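J.:
Number of protein chains: 2
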Amino acid sequence: MVTANPSTSVALDGNPYNQGCPTRRILDRIGDRWTVLVVGALGDDTARFSELKRRVEGISQKMLTQTLREMERDGLVIRTVFAQVPVKVEYRLTDAGISLRAPLKALEDWSIEHLGAVLTAQQFYDQE
Amino acid sequence: MVTANPSTSVALDGNPYNQGCPTRRILDRIGDRWTVLVVGALGDDTARFSELKRRVEGISQKMLTQTLREMERDGLVIRTVFAQVPVKVEYRLTDAGISLRAPLKALEDWSIEHLGAVLTAQQFYDQE
DNA sequence: CAGTATCCTTGTGGATACTG
DNA sequence: CAGTATCCACAAGGATACTG
Numbered sequence: 001m002v003t004a005n006p007s008t009s010v011a012l013d014g015n016p017y018n019q020g021c022p023t024r025r026i027l028d029r030i031g032d033r034w035t036v037l038v039v040g041a042l043g044d045d046t047a048r049f050s051e052l053k054r055r056v057e058g059i060s061q062k063m064l065t066q067t068l069r070e071m072e073r074d075g076l077v078i079r080t081v082f083a084q085v086p087v088k089v090e091y092r093l094t095d096a097g098i099s100l101r102a103p104l105k106a107l108e109d110w111s112i113e114h115l116g117a118v119l120t121a122q123q124f125y126d127q128e
Numbered sequence: 129m130v131t132a133n134p135s136t137s138v139a140l141d142g143n144p145y146n147q148g149c150p151t152r153r154i155l156d157r158i159g160d161r162w163t164v165l166v167v168g169a170l171g172d173d174t175a176r177f178s179e180l181k182r183r184v185e186g187i188s189q190k191m192l193t194q195t196l197r198e199m200e201r202d203g204l205v206i207r208t209v210f211a212q213v214p215v216k217v218e219y220r221l222t223d224a225g226i227s228l229r230a231p232l233k234a235l236e237d238w239s240i241e242h243l244g245a246v247l248t249a250q251q252f253y254d255q256e
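These protein sequence lines map, in sequence, to chains A and B.
Heads up: the first sequence at position 3 corresponds to 3 in this note's numbering, and the numbers run straight through without jumps.
Heads up: the second sequence at position 11 corresponds to 139 in this note's numbering, and the numbers run straight through without jumps.
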């Protein structure tokens, strides 16, 4: 994300609130619903396409393919094809992908810690 | 997000990959493009609506209003209306909102740190 | 098995106009 | 100033069918 004061976050092209800011673009990519879940579903081990599809409940074949392609393009995932019939394809996180797990874990921890408060706040807000 | 092994993350309703998982719902909320930027734009100080609109480049009035309402509902932001003409409205992060800054900062740091590698990976991937 | 291709529905969000 | 209301365009994403 972005810090309180623009001047404290001068990375790469000035204003981080700027639409073209690279950090913002990256966050748009890794911040999407499915990428976050796929990183979690992969963890440290390798997994096949169908296994991933099973783990990430609710993802469609199309979105899983698309998400994995983008992650591969970003260097977050390695795709290995085994030339056999039927084809077998394994995915695993790269070092960069693995390094993403820590900040995402921090977010997950925040969610778990604040879930109760958020739900309470919502109920209070809604009953008015 | 979600950990490598489902069994290590049994918070609140079992499988975190589950579509109904509260953690997943929360992440959907705070993970969206504008919430992240508004948290950053608010920082520690209060800001008026128009000031926020100026800080978060590219946000429309509609989305800023909508984002602030949802954040208020979630207990992340406090909205204070000053009954004067013309009206003045101030926003500031609650303690919960402030606590969100740390994990989001971790993600921002990751982005800055890996930006170069990601861009390089993309170029390499695309030239094939 | 692991996709690709196509269609089609839906949601997201921008632009604009109006108001307490 | 800080919104609300309305309309509209586009893109994300699901369902389905087909393939190396």
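Just so you know, even glycine gets a beta-carbon here, dropped at the ideal spot from N, CA and C.
Since this is a predicted model, take the numbers as computed values, not measurements.
(1) Note down, in chain order, every chain A residue with its Cβ under 9 Å from the Cβ of Gln250 (chain B).
(2) Grab the span of the alpha helix (DSSP H) containing Leu107 (chain A) for me, first residue to last.
(3) Between Ile37 (chain A) and the rest of its own chain, which residues show a CB-CB distance below 6 Å, the 5 nearest in sequence each way excluded?
(4) Taking C-beta pairs closer than 7 Å, name the residues in chain B that Leu52 (chain A) reaches, listed in chain order.
(5) Interface residues of chain B around Ile78 (chain A) at Cβ under 7 Å?
(6) Does the separation of the CB atoms of Arg206 (chain B) and Asp172 (chain B) fall below 9 Å?
(7) Taking only three categories from DSSP, how would you classify Val213 (chain B)?
(8) Let's see if you can read the secondary structure: which residues bound the alpha helix (DSSP H) around Glu57 (chain A)?
(9) DSSP three-state call for Thr151 (chain B): helix, strand or coil?
(10) Report the rounded CA-to-CA distance for Phe82 (chain A) versus Glu90 (chain A), giving the unit in angstroms.
(11) Does Val39 (chain A) pass the burial test, meaning 16 or more other C-beta atoms within 10 Å, or should it be called exposed?
(12) What distance in whole Å lies between the Cβ atoms of Asp160 (chain B) and Val118 (chain A), which are believed to be in contact at a cut-off of 8 Å?
(13) Determine which residues share a DSSP beta bridge with Thr208 (chain B) and list them.
(14) Taking Tyr219 (chain B) as the query, report the chain A residues whose CB atoms sit under 9 Å from its CB, ordered along the chain.
(15) Of the residues that make up the region 213-241 of chain B, which ones have a beta carbon closer than 9 Å to any beta carbon in chain A?
(16) Round the Cβ separation of Thr151 (chain B) and Ile112 (chain A) to the nearest angstrom and send it over; I've been treating them as touching at under 8 Å.
(17) Excluding the 5 residues flanking Thr94 (chain A) on each side, which residues of the same chain have their C-beta closer than 7 Å to its C-beta?
(18) Run down chain B in chain order and give the residues with a C-beta less than 9 Å from the C-beta of Arg33 (chain A).
(19) With burial defined as no fewer than 16 other Cβ atoms inside 10 Å of the residue's Cβ, what is the status of Glu256 (chain B): buried or exposed?
(20) Please list, in chain order, the chain B residues whose beta carbon lies closer than 8 Å to that of Ala117 (chain A).
(21) Specify, as a first and last residue, the run of the alpha helix (DSSP H) that Thr46 (chain A) falls within.
(22) Less than 9 Å between the beta carbons of Trp34 (chain A) and Pro231 (chain B), yes or no?
T.: Checking against the coordinates, here is how it stands:
(1) Arg73, Asp74, Gly75
(2) 95-126
(3) The amino acid at residue 37 (chain A) is misidentified as Ile; the sequence shows Leu. Answer for Leu37 (chain A): Val56, listed in chain order.
(4) Ordered by position in chain B, no residue passes the 7 Å Cβ test against Leu52 (chain A), which lies about 10 Å from the chain.
(5) Here the premise fails: no neighbours, minimum Cβ distance about 11 Å.
(6) Per the sequence presented here, residue 206 (chain B) reads as Ile, with Arg not at that position. No; because the gap between Cβ atoms is not below 9 Å, this pair is not in contact.
(7) coil
(8) Taken as a continuous stretch (DSSP letters only), Glu57 (chain A) belongs to no alpha helix (DSSP H), as it is neither H nor E.
(9) helix
(10) 8 Å
(11) buried
(12) Not quite, the Cβ-Cβ distance comes to about 15 Å (not below 8 Å), so this is no contact.
(13) B:Glu218
(14) Those within 9 Å of Tyr219 (chain B) in chain A number zero; the least Cβ separation is about 13 Å.
(15) Thr222, Ala224, Ser227, Leu228, Arg229, Ala230, Pro231, Leu232, Lys233, Ala234, Leu235, Glu236, Asp237, Trp238, Ser239, Ile240, Glu241
(16) 6 Å
(17) Gly75, Leu76, Val77, Ile78
(18) Arg152, Leu155, Asp156, Gly159
(19) exposed
(20) Gly203, Ala224
(21) It is not in any alpha helix (DSSP H) - Thr46 (chain A) carries neither H nor E in the DSSP assignment.
(22) no
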